[in-house]
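A.B. asks: Keeping their order, the protein sequence lines are chains S and L.
Numbering-wise, the first sequence is residues 6 to 356 according to my numbering.
Numbering-wise, the second sequence is residues 889 to 966 according to my numbering.
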Amino acid sequence: MALFKLNNVSIKGIASCVPKEKEFTKDYSYFSEPEFDLFVKSVGILERRVAPTAISTSDLCYHAAEKIITDLNWKKEEIDCLIFVSQSPDYFLPATAIILQHRLGLNKRTMSFDVGLGCSGYVYGLQLMASLLSSGNIKKGLLLVGDKSTLSTYIEDKSTYPLFGDAGCATAMEYDTSANPIYFNLQSDGSGEDAIKILDGGARNTVRPDTFDITEIEPGVKRSRRHLGLKGIDIFNFALKEVSPNINELIEYSGIEKEKIDYFVFHQANKLINESVRKKLKVTDLSKVPYSIDLFGNTSSASIPLTITTKLKDKLQDHTTFLFSGFGVGYSWASCIFETKHIYCSDLIEL
Amino acid sequence: MDIHEFTKQIEAEFEEVEPGTITPTTNYREIKSWSSMYALIVIAFVDANFDVQLSADDLRNSQTIQDIYNIVMAKKTN
């Protein structure tokens with residue numbers, strides 16, 4: 006059981022970076038008009054950001070990192086740890102975090118590593134960084150999260166293409182003995198490995214002659230073995246079954262009253278899923294559940310920090326109590342709860 | 889919730905369907921506006937009202953509104 010109480014760590018600031026190119030759902034030619042209406046009503050996505058070929062996840066994270074370092078007046082030589090959470094790294098090897106350590110001009114005494122998680126990745130990343138900082142052996146850490154998911158979706162797959170957007174975020178975290186504890190609940194279930202999957206290109210199924218052949222899976226769903234496939238019903242049932250019990254267990258473990266939570270920031274999966282989770286948690290105050298999915302789509306591990314920086318930037322103050330919950334590919338899901346001091350939010354960068 | 893109320897409420901989830909056109913024997917895949925998105929909407933409706941989850945197999949093995957209702961009732965009593 007992965008329930009944690011971690012002391013002495015505070016989140017100082019968050020910066021987000023998205024590509025400036027937009028794609029609008031209304032322009033998606035594979036939707037009929039009724040399909041468009043239903044998609045907007047139930048999934049809730051109006052537009053998404055799509056990175057051109059030249060921009061990778063690490064570029065988005067690099068600019069977010071530079072921004073938060075500048076805005077917080079951090080000295081680069083003080084950064085002891087860099088974690089890059091992504092499922093779209095620059096290379097098979099070396100790890101992208103190491104490339105970013107050098108590109109950002111961080112000290113060679115910085116520890117850097119990648120974590121290969123998606124929708125749950127922000128909370129997993131926070132937990133890893135908080136674990137490392139909590140002891141006080143290192144003092145400052147940068148958590149970089151994000152994905153260029155549009156790299157892996159195929160335009161003739163209605164079940165994936167209109168869902169995903171690209172984004173990268175940087176979160177600055179610090180050893181701080183005056184910080185309130187952060188509580189975490191992290192879970193995984195690999196029986197769901199096929200629910201969201203890219204079949205070929207890894208070491209299990211290396212690229213083969215038919216890897217890039219486009220086949221029709223079902224009407225409206227065409228893709229190759231190198232594209233991301235998604236089983237919507239399975240993912241939906243997983244989220245209905247697992248997310249609210251995970252959160253309720255965390256809240257009970259933390260001893261924080263549910264009514265005291267100011268913001269429930271969920272991974273921006275799809276409005277229907279998130280609203281179902283909200284109702285299961287019996288959260289009736291809609292202002293406590295911010296959405297950014299309308300403007301950015303599902304941005305994988307970046308969705309929680311992107312929602313905070315774009316929707317809560319001007320509302321944050323001392324003694325805000327947050328609950329974050331990320332869930333999806335894996336299956337992997339995780340939540341955290343904490344009362345924070347002021348979290349600085351940088352202006353959104355459009356690259 | 890009996891089958892008639894169930895059918896009425898499922899019908900209300902569909903856009904552009906005249907009230908009274910969906911009956912327990914309606915093959916839901918033949919409803920004009922049916923798409924895979926409606927599968928998720930039906931799953932969310934059943935989950936919210938019965939605390940029961942319809943799997944992809946449950947939907948694959950059902951044709952009519954009555955079939956879905958029967959699966960829900962069977963799962964509810966288990």
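Don't be surprised by glycine CBs; every beta carbon is placed ideally from N, CA and C.
Given the structure is predicted, the values throughout are model-derived calculations rather than measurements.
When DSSP labels each residue in this structure, what does S:Y129 get in the three-state scheme?
C.D. replies: Helix.
A.B. asks: Could you name each continuous beta strand (DSSP E) segment of 3 residues or more that falls completely within the stretch 30-112 of chain S, going from the start of the chain to the end?
C.D. replies: Listed in chain order, they are 52-54 and 86-90.
A.B. asks: Check the Cβ-Cβ distances between S:D239 and every residue of chain L, and say whether any is below 9 Å.
C.D. replies: Chain L, which has a Cβ nearer than 9 Å to the Cβ of S:D239, makes this yes.
A.B. asks: I'd like to confirm the pairing. Which residues does DSSP put opposite S:T326 in its beta bridges?
C.D. replies: Answer is S:E344, bridged to S:T326.
A.B. asks: Helix, strand or coil: which one does DSSP assign to S:K144?
C.D. replies: S:K144 falls in the coil class under three-state DSSP.
A.B. asks: Starting from S:T176 and walking both ways along the beta strand (DSSP E), at which residues does that stretch end?
C.D. replies: Segment A172 to Y180, the beta strand (DSSP E) holding S:T176.
A.B. asks: Below 7 Å on C-beta distance, what does S:L286 contact in chain L?
C.D. replies: Correct list: empty, because the minimum Cβ distance to chain L is about 13 Å.
A.B. asks: Beta carbons nearer than 9 Å to chain S: which residues of the stretch 942-953 of chain L have them?
C.D. replies: Cβ contacts with chain S come from L942, S943, A944 and L947.
A.B. asks: Is S:E198 closer than 9 Å to S:G146 when the C-beta atoms are compared?
C.D. replies: Against a cut-off of 9 Å, the Cβ pair of S:E198 and S:G146 comes out as no contact.
A.B. asks: If we ignore side chains and look at the alpha-carbon of each, how far apart do L:S923 and S:A200 end up?
C.D. replies: Cα to Cα, the separation comes out at about 19 Å.
A.B. asks: Using only the alpha-carbon positions, how far apart do S:N303 and S:V14 sit?
C.D. replies: Taking the straight line from one Cα to the other gives about 28 Å.
A.B. asks: Give me whichever residues DSSP pairs with S:Q192 in a beta bridge.
C.D. replies: Per DSSP, S:W338.
A.B. asks: Would S:D42 count as contacting chain L if we go by Cβ distances under 9 Å?
C.D. replies: Chain L, which has a Cβ nearer than 9 Å to the Cβ of S:D42, makes this yes.
A.B. asks: Take every Cβ of the stretch 305-319 of chain S, pair it with every Cβ of the stretch 183-197 of chain S, and state whether three or more of those distances are shorter than 8 Å.
C.D. replies: With a cut-off of 8 Å, the stretch 183-197 of chain S and the stretch 305-319 of chain S do not count as touching, because too few Cβ pairs lie within range.
A.B. asks: At 4 residues or longer, what runs of the alpha helix (DSSP H) sit wholly inside the stretch 222-277 of chain S?
C.D. replies: DSSP runs (the alpha helix (DSSP H)) wholly in the stretch 222-277 of chain S: 237-259.
A.B. asks: Measure the alpha-carbon distance for S:K81 versus L:K920 and round it to whole angstroms.
C.D. replies: Those two C-alpha atoms are separated by around 60 Å.
A.B. asks: Anything in the stretch 917-932 of chain L with a Cβ closer than 7 Å to a Cβ of chain S? List those residues in chain order, please.
C.D. replies: Residues passing the 7 Å Cβ filter: S921, S923, S924, M925, A927, L928, I929, I931 and A932.
A.B. asks: Which class does L:Q952 belong to by DSSP, given the choice of helix, strand or coil?
C.D. replies: Contrary to the premise, residue 952 of chain L reads as Thr rather than Gln in this sequence. If DSSP states are grouped into helix, strand and coil, L:T952 belongs with the strands.
A.B. asks: Have a look at S:L87 and S:I354 and give me their C-alpha separation to the nearest angstrom.
C.D. replies: Their backbone Cα atoms lie some 20 Å apart in a straight line.
A.B. asks: Just how far apart, CA to CA, sit S:S63 and L:D955?
C.D. replies: Approximately 49 Å between the Cα atoms of the pair.
A.B. asks: Would you decide whether L:Y926 is buried or exposed? Buried here means 16 or more other CB atoms lie within 10 Å of its CB.
C.D. replies: Buried.
A.B. asks: On the three-pair Cβ rule with 8 Å, is the stretch 52-66 of chain S touching the stretch 150-168 of chain S?
C.D. replies: Touching, per the Cβ criterion.
A.B. asks: Count the other CB atoms, across all protein chains shown, that sit within 10 Å of the CB of S:I222; report buried if there are 16 or more and exposed otherwise.
C.D. replies: So S:I222 counts as exposed.
A.B. asks: In chain L, which residues lie with their C-beta within 9 Å of the C-beta of S:N185?
C.D. replies: Those within 9 Å of S:N185 in chain L number zero; the least Cβ separation is about 34 Å.
A.B. asks: Taking only beta carbons into account, state which residues of the stretch 185-201 of chain S come closer than 8 Å to chain L, listed in chain order.
C.D. replies: Taking 8 Å as the Cβ-Cβ cut-off against chain L, none of the residues of the stretch 185-201 of chain S qualify.
A.B. asks: Does any residue of chain L have a CB that is nearer than 9 Å to the CB of S:L291?
C.D. replies: No, S:L291 does not count as interfacial toward chain L.
A.B. asks: Along chain L, in chain order, which residues have C-beta atoms closer than 8 Å to that of S:S47?
C.D. replies: Ordered by position in chain L, the residues that pass the 8 Å Cβ test against S:S47 are M925, L928 and I929.
A.B. asks: Would S:K10 pass as a contact of S:S259 if the rule is Cβ separation under 9 Å?
C.D. replies: Taking 9 Å as the Cβ cut-off, S:K10 and S:S259 qualify as a contacting pair.
A.B. asks: Where does the unbroken alpha helix (DSSP H) through S:L8 begin, and where does it stop?
C.D. replies: First-last for S:L8: A7 to L11, but that is the beta strand (DSSP E), not the alpha helix (DSSP H).
A.B. asks: With three or more C-beta pairs closer than 8 Å as the rule, is the stretch 41-58 of chain S touching the stretch 169-177 of chain S?
C.D. replies: With the cut-off at 8 Å, the stretch 169-177 of chain S and the stretch 41-58 of chain S touch.
A.B. asks: Tell me the DSSP secondary structure of S:S297 in three-state form.
C.D. replies: DSSP places S:S297 in coil when its eight states are reduced to three.
A.B. asks: In terms of residues, what are the limits of the beta strand (DSSP E) holding S:S15?
C.D. replies: Note, S:S15: beta strand (DSSP E), V14 to V23.
A.B. asks: Quick check on this structure: which residue in S:K284, S:L105, S:L233 and S:I219 has the alpha carbon closest to the alpha carbon of S:A69?
C.D. replies: Among S:K284, S:L105, S:L233 and S:I219, the Cα nearest to that of S:A69 belongs to S:L105.
A.B. asks: Can you pull out the residues from the stretch 325-338 of chain S whose beta carbon lies closer than 9 Å to at least one beta carbon of chain L?
C.D. replies: Under the 9 Å Cβ criterion, the stretch 325-338 of chain S contributes no residue.
A.B. asks: S:L204 to S:A274, Cα distance in whole Å?
C.D. replies: Taking the straight line from one Cα to the other gives about 21 Å.
A.B. asks: Please classify S:P94 as buried or exposed, where buried requires at least 16 neighbouring CB atoms within 10 angstroms.
C.D. replies: Buried.
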